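Visitor:
Number of protein chains: 2
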Amino acid sequence: VSGIVFSGNPLDRASNQRRDADWVAARLAEPAARVLPLHRLRPMVTDAPSLGWLDVPALQPAIDRLGAEAPIFLGLADGVPCFALGVSDPALEELAASLEAEGRSWGDPRAIAPLLPPGDAGVLAQARSVLDWHARHGFCAACGATTAPRTGGASRGCATCGASHFPRTDPVVIMLVEHEDRCLLAHGAGRPGNFHSALAGFIEPGESIEEAVQREVWEEAGVRVRDVRYFASQPWPFPASLMIGCFARAEGDHLDVDQEELETARWFTRAEIAAALAAGGAGEGYTLPQPVAIAHHLVRAWCEGRS
Amino acid sequence: VSGIVFSGNPLDRASNQRRDADWVAARLAEPAARVLPLHRLRPMVTDAPSLGWLDVPALQPAIDRLGAEAPIFLGLADGVPCFALGVSDPALEELAASLEAEGRSWGDPRAIAPLLPPGDAGVLAQARSVLDWHARHGFCAACGATTAPRTGGASRGCATCGASHFPRTDPVVIMLVEHEDRCLLAHGAGRPGNFHSALAGFIEPGESIEEAVQREVWEEAGVRVRDVRYFASQPWPFPASLMIGCFARAEGDHLDVDQEELETARWFTRAEIAAALAAGGAGEGYTLPQPVAIAHHLVRAWCEGRS
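Chains A and B, in that order, are what the protein sequence lines are. Per my numbering, the very first residue in the first sequence carries number 1; after that it's consecutive. Per my numbering, the very first residue in the second sequence carries number 1001; after that it's consecutive.
This is the structure in structure tokens:
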């Protein structure tokens, strides 16, 4: 499935070499090395727009402040070492402000991602999710001591108890449920507007993808589904999900909606969906997911008979 | 795909109700409530074998010692509340020993799972992965303070900084690579025996399922693949993986094996695999994955032309 935003990251992550701290340090020391700064998890972007890469000297004050381990090794772009660096530390506000020059600014990841050149949004997904993980995992969950980045930022280590910690990726099922010639979309409780999307939920421990689809649809909409079919997947760095897109067939069309989770859920005909898609997602009294979300691709594929 | 061990958990997890501590406490107080004790992550099992459920009074000394929050709510089995309880605390050794009566013992999860009645292995997967997560996440990764179980053990909370923490589920791709009429199996570096299995690896931040398959095969075996097809998934509670089984087609048959990861990798003909499967997995100079692993089902499906 093509056109899924946040996929297509072109970097070679050099998973074996990055375990060697000297190798990572040598990559950062390369004159060609480039660093993507993120301020409060928003990447620097150019007017184009594209990712606002800087060379290492431009960020040296931040590296001096945060430590040589702070730049996270993302991978090699045709041999060019690429790093990400969080510059949200209050002590770096002056630097962050001074970086907003030469037509650069901080971009909202969700808004900017679909506008970036192919592949750049994948790099952004990686950078945002890993930096966020580091920012919220400064302590060892096993013993409570402080941890420090290792392996170019691909993990953190606890010097006190020896535990290694790796970034988490939370698998989420998102499923378009169909019944005869209609599909099921819902508006989440407490959500603004009249945005309607596919049902979704985190996969629980001890659960397969197919079981999670069945459980979530039952819990949220009160309808049993069978014939779960995998469609495509999408990295979703808010903060660290892997969206696993599926289709499923409902055994009936009676719904029993969980009002704690959903404000409303209903069946939409193929004609309704086709008209809304043709209008850029705007239906009568509802809006469909935008192309940045895999839900859009599920809906479109279903509407075009590709489910 | 049927017959995948650790899938088929029949419990109703009651995801909404379990958020209410009073509701969970009332379930534990039901006379019909049953608890699965695990000692060092090994479940109590009967001779049958089946899971060795006990009533709450039989485990009251452990609950008194560990606290009322220690039994983890697993779900409802036709309305009967089911819990899991870790009894590995050194102070509970006497209780653990006394429980090993009436034909019960502690079972090795991997060995016992395929022998359990359908669905029981799924319950075991849930119990083992959640208890292990609790045991290794007593502290807040955000601030280092101690955390405590919440929502019937479906999460932990930090009273100091307010953070909520949820069990992690690590998505892993496991892929059978095919080229013309052969498939690729490998023997991991440092692994005993001559066990050969499909390539596998953790999905990285900012990566789709399909991209992870391509990266891992390239890193480990030096061959490019395309046409990645999802097959089935499996919960794998060692400690908390979600195995995502795929097929992929190699662009060539030349291999460049990463010796740090793999001792050897080679192509196997369909005839070789068919003969080995017919011999219970024993080939000439290699053994195939056993049915407990999704790799077995990948290999069998490929051999039978279902890839």
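Note that the Cβ used here is the ideal one computed from N, Cα and C, for glycine as well. No experiment lies behind these values; they were computed from the predicted model shown.
D12/A: beta carbon under 7 Å from a heavy atom of the ligand HEM?
Guide: What this structure holds is no ligand at all, so the ligand HEM is not there to describe.
Visitor: Which partner residues of W1218/B appear in the DSSP bridge assignment?
Guide: Note: W1218/B sits in no beta bridge, so no partner.
Visitor: Indicate whether G152/A and F247/A have their beta-carbon atoms separated by less than 8 Å.
Guide: No. Outside cutoff.
Visitor: Between R136/A and chain C, is there a C-beta pair that is closer than 8 Å?
Guide: Here chain C cannot be found, since the structure's protein chains are A and B.
Visitor: Answer yes or no: does any C-beta atom of chain A fall closer than 8 Å to that of Q1234/B?
Guide: Judged by the 8 Å Cβ criterion, Q1234/B is in contact with chain A.
Visitor: Could you check where the alpha helix (DSSP H) with S1098/B kicks off and where it finishes?
Guide: Looking at the DSSP string, the run of the alpha helix (DSSP H) that includes S1098/B is E1093 to L1099.
Visitor: Looking at the structure shown, is E1178/B part of a helix, part of a strand, or coil, going by DSSP?
Guide: E1178/B: strand per DSSP, three-state reduction.
Visitor: Per DSSP, which one or two residues make a beta bridge with A1084/B?
Guide: Bridge partners of A1084/B: L1036/B and I1072/B.
Visitor: Look up V1045/B in the DSSP assignment and say whether it is helix, strand or coil.
Guide: V1045/B: strand per DSSP, three-state reduction.
Visitor: Go ahead and pull the three-state DSSP assignment for I294/A.
Guide: The answer is helix: DSSP assigns I294/A an H, G or I state.
Visitor: Helix, strand or coil for L66/A? Go by DSSP, reduced to three states.
Guide: L66/A: helix per DSSP, three-state reduction.
Visitor: Nearest-angstrom Cα distance between V1056/B and A111/A?
Guide: Taking the straight line joining both Cα atoms gives about 52 Å.
Visitor: Quick check on the burial criterion: 16 or more other C-beta atoms within 10 angstroms. Buried or exposed for G75/A?
Guide: Buried, since its Cβ has 16 or more Cβ neighbours within 10 Å.
Visitor: Please work out which residues of its chain come closer than 7 Å, Cβ to Cβ, to S105/A, disregarding the five sequence neighbours upstream and downstream, and give them in chain order.
Guide: Once the five neighbours on either side are set aside, the close Cβ partners of S105/A are V45.
Visitor: To the nearest whole angstrom, what separates the beta carbons of G1193/B and G1122/B, a pair I think is in contact under 8 Å?
Guide: Not a contact, Cβ separation roughly 28 Å.
Visitor: What residues match up with P235/A in a beta bridge as DSSP calls it?
Guide: Note: P235/A sits in a beta bridge opposite L242/A.
Visitor: Which ranges does the beta strand (DSSP E) cover as unbroken runs of at least 3 residues, wholly within the stretch 1241–1279 of chain B, from first to last along the chain?
Guide: List check, beta strand (DSSP E) in window: 1241–1250 and 1262–1269.
Visitor: Closest by CA to F1238/B, which one among G1138/B, R1042/B, H1137/B and G1119/B?
Guide: It is R1042/B.
Visitor: Short of 7 Å in beta carbon distance, which residues of its chain neighbour R1150/B, apart from the five on each side in sequence? Order them along the chain.
Guide: If we look at R1150/B and ignore the five residues flanking it on each side, its Cβ neighbours are R1156 and G1157.
Visitor: Check whether the Cβ atoms of L1038/B and D1120/B lie closer than 8 Å to each other.
Guide: No, the pair does not count as a contact, with Cβ atoms beyond the cut-off.
Visitor: By alpha-carbon positions, which one of E263/A, A26/A and L99/A ends up nearest to G79/A?
Guide: That would be A26/A, whose Cα lies nearest to the Cα of G79/A.
Visitor: From V292/A, P235/A and A221/A, pick the residue whose C-alpha is nearest to that of L262/A; which is it?
Guide: Among V292/A, P235/A and A221/A, the Cα nearest to that of L262/A belongs to A221/A.
Visitor: Closer than 8 Å, Cβ to any Cβ of chain B: which residues of the stretch 192–215 of chain A, in chain order?
Guide: Listed by position along the chain: F202, I203, E204, P205, G206, E207, S208, I209, E210, E211 and R215.
Visitor: Suppose contacts are defined by Cβ-Cβ distances below 8 Å. Is I1209/B in contact with V1173/B by that definition?
Guide: A contact, by the Cβ cut-off of 8 Å.
Visitor: Tell me which residue opens and which closes the alpha helix (DSSP H) that L1131/B is part of.
Guide: Segment D1120 to A1135, the alpha helix (DSSP H) holding L1131/B.
Visitor: So that I know if they touch, is there some Cβ in chain A lying closer than 8 Å to that of A1084/B?
Guide: Not closer than 8 Å to any Cβ of chain A, the Cβ of A1084/B fails to qualify, so no.
Visitor: Residues in the same chain with beta-carbon distance under 6 Å from H196/A, minus the five sequence neighbours each way, listed in chain order, please.
Guide: Cβ neighbours of H196/A beyond the five flanking positions: L185, H187 and Y286.
Visitor: Would you list, in chain order, the members of the stretch 1248–1279 of chain B that have their beta-carbon closer than 9 Å to a beta-carbon of chain A?
Guide: Flagged, chain order: D1258, E1260 and E1261.
Visitor: Taking P49/A as the reference, give the member of L59/A, L92/A, A84/A and P117/A with the closest Cα.
Guide: Closest option to P49/A, Cα to Cα, is P117/A.
Visitor: Measure from the C-beta of L59/A to each C-beta in chain B and report whether the shortest distance is under 8 Å.
Guide: With 8 Å as the cut-off, L59/A does not count as an interface residue toward chain B.
Visitor: I'd like to know if E1219/B contacts chain A, where contact means its C-beta is closer than 8 Å to some C-beta of that chain.
Guide: E1219/B counts as touching chain A.
Visitor: Taking a Cβ distance cut-off of 9 Å, strictly less, list which residues of the stretch 167–196 of chain A are near chain B, in chain order.
Guide: For the stretch 167–196 of chain A, which is checked against every Cβ of chain B, the residues closer than 9 Å are P167, R168, T169, D170 and P171.
Visitor: Leaving out five residues on either side along the sequence, give the residues of the same chain with a beta carbon under 7 Å from the beta carbon of R13/A.
Guide: G75, listed in sequence order.
Visitor: So does the stretch 1161–1168 of chain B actually touch the stretch 1269–1276 of chain B, counting three or more Cβ pairs closer than 8 Å?
Guide: No, they do not touch.
Visitor: Buried or exposed for Q1259/B, going by 16 or more other Cβ atoms inside 10 Å?
Guide: Per the 10 Å Cβ criterion, exposed.
Visitor: With a threshold of 8 Å between beta-carbons, can Q126/A be considered close to chain B, or not?
Guide: For Q126/A, the answer is yes, since a Cβ of chain B falls inside 8 Å of its Cβ.
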